[in-house]
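Okay, structure first, notes after.
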């Protein structure tokens, strides 16, 4: 089994569904105050097909390169990736007050194949990584 095949099989086996919620993304109450209620015609709700509903959900892929309890370690990895011309490197804070983690990720990628390509590049550079699929 080649290195690329091995990486792809590991990624598929370990693919997880991660959801990160950013409070600033929710503008529901602001939007609601600016909208005028017009009601919904019953016939229009029946005409929405299943494929249309699915088209509204887009998948984005991220590559997680590391997760650290020390922010300076996350910054170090981000700097190393930036020096390798890796773009869109982000550090996200997660966890609880007892254990904060700083996750270093790259993305988003619009397709799984683009994420795999970048993950293979990272593996060649000595970075283990996983691909995360997030719905938006």
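In my numbering, the protein residues as written are 2 to 137. We put the CB at the ideal spot given by N, CA and C, even for glycine. Given the structure is predicted, the values throughout are model-derived calculations rather than measurements.
Beta-bridge pairing of residue 62 - partner residues as DSSP gives them: 110 and 134
Are the stretch 107-127 and the stretch 69-78 touching by the rule of at least three beta carbon pairs closer than 8 Å? no
If we ignore side chains and look at the alpha-carbon of each, how far apart do residue 93 and residue 80 end up? 15 Å
For residue 128, which residues of its own chain have a beta-carbon under 6 Å away from its beta-carbon, when the five flanking residues on both sides are left out? 66
What number of angstroms, rounded off, separates the C-alpha of residue 87 from the C-alpha of residue 97? 29 Å
Would residue 91 be called buried (16 or more neighbouring beta carbons within 10 Å of its own) or exposed? exposed
Could you give the first and the last residue of the continuous beta strand (DSSP E) run that contains residue 93? 90-96
Reference residue 103; option with closest CA among 78, 118 and 115: 78
Output the distance between the C-alpha atoms of residue 83 and residue 99, rounded to the nearest integer angstrom. 30 Å
Just grab the DSSP bridge partners of residue 101 for me. 96
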